[in-house]
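For the sequence shown, position 237 matches number 224 in my numbering, and the numbering has no gaps at all. Just so you know, even glycine gets a beta-carbon here, dropped at the ideal spot from N, CA and C.
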Amino acid sequence: MAKKTKIPAIVSAVVLILGIVATVLTRSAALTKGAPFTDKLLFSCSLLLVMLGAIALIAALLPEHRKVNVKTLATAAMFAALSYIGFAYLRFDIPVGTEKTAFHLGNVFCVLGALFLGGFWGGMSSAIGLTIADLTSAYVTSAPKTFFLKLCIGLIAGLVAHKVFHLNEDRERKIPLPIATIISTAAGMAFNVVADPLVGYFYKMYILGVPQDIANAWAKMGAVTTSVNAIVAVAFASILYLALRPALKRANLMP
């Protein structure tokens, strides 16, 4: 059993190292003015390898390994697809100098997935879906930032929903279910309202080499769009969860 537990850790460490090496090799080419899309894509994918390797390594080193059933994986895949659609097709772009920000509905399925699946799988599904949406659009260099932030949104919303309020369980509640749902979704999105402009500012300046004035303007506009996206996500995700929860309970389809 010890050898079996070491294999995932070794593979994860290899992925992490490969990601770091690839990031170093592709960064300069990707940040050259007028760099082709392929160079930017390779750089973003290399950063994603670093993140995935680090997450997988941490998971492999945890003392307990939980089995994941097919229902959970299928539901996670569905939320990944919905997150992709919410950003790729339900988006309004706002140019800020050489950068962009956007109003979109991807965050709705980010917090909704956390309500149904829990923090890890809800966060991972939306992180993967929205990262793919970035990689296949003009937001390709933002993909690593997106992966990190959406995973954090899911983890926070899932933590509040299932460790504090136990949303998916039938029990007597001091706080009514609708209020607990809104608080859970708001917790994840409150983090994003603060973290998205702040992380984005430093990411664009120190990782992507964007000039400070443009990064500053992007952060200010990003704070506006992120706040609006958060309000929309809390409202829609809460309504959808409360509407779908009874039907899924009756059909025995709750994860």
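What does the Cβ neighbour count give for Ala118, buried or exposed, with the cut at 16 atoms within 10 Å?
Ala is not the amino acid found at residue 118; the sequence shown has Thr there. With a threshold of 16 other beta carbon atoms within 10 Å, Thr118 meets it and is buried.
Would Arg160 pass as an interface residue toward chain C - the criterion being a Cβ-Cβ separation below 8 Å?
You won't find chain C in this structure, because it holds only one protein chain.
Under the three-state reduction of DSSP, which class applies to Asp200: helix, strand or coil?
Three-state result, Asp200: helix.
For the putative contact between Asn203 and Leu136, defined by C-beta atoms under 8 Å, what is the C-beta separation to the nearest angstrom?
Not confirmed; about 19 Å, so no contact.
Leu102 and Leu154 - do their beta-carbons sit closer together than 8 Å?
Yes, the Cβ-Cβ distance between Leu154 and Leu102 is below 8 Å.
When you compare the CB positions of Ile143 and Ala174, do they come within less than 8 Å of one another, or not?
Yes, the Cβ-Cβ distance between Ile143 and Ala174 is below 8 Å.
On the DSSP bridge list, what partners appear for Ile42?
According to DSSP, Ile42 bridges with nothing at all.
Environment of Ala220 [buried if 16+ CB atoms lie within 10 Å]:
Around the beta carbon of Ala220, 16 or more other beta carbons sit within 10 angstroms, so the residue counts as buried.
Select from Asp200, Leu235, Pro163 and Leu92 the residue whose C-alpha is nearest the C-alpha of Asn216.
For the set Asp200, Leu235, Pro163 and Leu92, the Cα lying nearest the Cα of Asn216 is the one of Leu92.
What does DSSP give as the partner residue(s) for Val83 in the beta ladder?
According to DSSP, Val83 bridges with Glu86.
Taking Thr128 as part of the alpha helix (DSSP H), name the residues at either end of that continuous run.
That residue, Thr128, is in no alpha helix (DSSP H); it is neither H nor E in DSSP.
Use the C-beta contact count for Ile140: other C-beta atoms within 10 angstroms, 16 or more gives buried, fewer gives exposed.
With 16 or more Cβ atoms within 10 Å of its Cβ, Ile140 is classed as buried.
Where Arg78 falls: helix, strand or coil (DSSP):
Of the three classes helix, strand and coil, the one that applies to Arg78 here is strand, per DSSP.
When Ala67, Asn56, Arg237 and Leu227 are compared against Ala120, the one with the closest alpha-carbon
Comparing Cα positions, the closest option is Ala67.
Go ahead and pull the three-state DSSP assignment for His91.
Reduced to three states, the DSSP call for His91 is strand.
Rounded to whole angstroms, what's the CA-CA distance from Leu195 to Ile169? Just pull it up for me.
Distance between the alpha carbons of Leu195 and Ile169 is about 35 Å.
So, under 8 Å CB-CB, Pro131 and Leu34 are touching, yes? Tell me the CB distance rounded to an integer number of Å.
Distance from Pro131 to Leu34 at the Cβ level is roughly 4 Å; contact confirmed, criterion being Cβ atoms closer than 8 Å.
Compute the Euclidean distance between the alpha carbons of Tyr193 and Ala206, then round it to the nearest angstrom.
Each residue's Cα considered, the two are about 14 Å apart.
If I'm right that Leu69 touches Phe96 with Cβ under 8 Å, what's the distance once you round it to whole angstroms?
A Cβ-Cβ separation of about 4 Å places Leu69 in contact with Phe96 under the 8 Å criterion.
Just to confirm my understanding: we take Ser171, look at its own chain, exclude 5 residues before and 5 after, and list those with CB closer than 7 Å. What are they?
The beta carbon of Ser171 is closer than 7 Å to those of Leu102, Ala144, Val147, Ala148, Phe152 and Leu154 in its chain, skipping five residues each way along the sequence.
If you drop the 5 nearest sequence neighbours on each side, which residues of the same chain put their C-beta closer than 7 Å to that of Asp183?
Result list for Asp183: Leu136, Gly209 and Thr213, in chain order.
Helix or strand or just coil, what does DSSP make of Arg232?
In the structure shown, Arg232 sits in a helix (DSSP, three-state: H, G or I).
In whole angstroms, what separates the C-alpha of Phe244 from that of Gly21?
Summary: the structure shown does not reach residue 244, with the chain confined to residues -12 through 242, and so no result is reported for it.
Flag this pair as yes or no: are the beta carbons of Gly254 and Ser113 separated by less than 8 Å?
This structure leaves residue 254 out entirely; the chain is present only between -12 and 242.
Would you report the Cα separation of Ala26 and Thr128, rounded to the nearest angstrom?
The sequence as given places Asp at residue 26; Ala does not occur at that position. Linking Asp26 to Thr128 through their CA atoms gives a straight-line distance of about 10 Å.
Hey, quick one: how far does the alpha helix (DSSP H) through Thr118 stretch, first residue to last?
Residues Gly106 to Leu122.
Classify Leu185 as buried or exposed, calling it buried when 16 or more other Cβ atoms lie within 10 Å of its own Cβ.
Looking at its Cβ environment, which holds fewer than 16 other Cβ atoms inside 10 Å, Leu185 is exposed.
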